[in-house]
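Single-structure report; data block below.
Residue numbers (the numbering used here): -10 to 123.
Following this line, the structure appears as structure tokens:
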């Protein structure tokens, strides 16, 4: 708040300690990865009189853009977006149509299966250089 930003509660029901935090928030995020929690989040938002925003929280490329926030502002400057969030002029959107679900499941399967292959630690990008030959 001191820096002109909006404070948004992300993952309010996922191992959250947000109930223990002595802070004020401007909105609550509806997570695109977990649309089934939307009803809980709506109840929480109503109870605390907070608007909801949409967030993808992507871990797999097919999830990019699945959840987003429609912002009611004439010009999307950072200041105007923050003001719209604080005023409740935002609406979360989550696209939960079949292709997203199928592609997401396939991608997760391929990703999990690829972890079964052993590879040396140095072969993982960003971990370090390959060992030198003696």
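For every residue, glycine included, the Cβ atom is placed at its ideal position computed from N, Cα and C. In this text, all values refer to a predicted model and were calculated from it rather than measured experimentally.
- Taking C-beta atoms under 8 Å as the contact rule, residue 79 and residue 26 fail to qualify, at a distance of about 18 Å.
- The three-state reading of DSSP puts residue 54 in coil, since its state is none of H, G, I, E or B.
- Taking C-beta separations shorter than 6 Å and ignoring five residues to either side along the sequence, the partners of residue 57 in its chain run 43, 82, following chain order.
- DSSP links residue 44 through a beta bridge to 20.
- Per DSSP, reduced to three states, the secondary structure at residue 60 is strand.
- Taking C-beta separations shorter than 8 Å and ignoring five residues to either side along the sequence, the partners of residue 73 in its chain run 60, 61, 62, 79, following chain order.
- Relative to residue 12, the option among -2, 29, 69, 40 whose CA is nearest is -2.
- Counting along the chain, residue 10 sits inside no beta strand (DSSP E), nor does DSSP assign it H or E at all.
- Within the same chain, Cβ atoms closer than 6 Å to the Cβ of residue 16 are found at -3, 39, 40, 42, 74, the five residues on either side in sequence being excluded.
- The C-alpha of residue 87 lies about 37 Å from the C-alpha of residue 10.
- Taking C-beta atoms as the reference points, residue 68 and residue -7 count as a pair closer than 8 Å.
- Looking at the DSSP output, residue 79 shares a beta bridge with 60.
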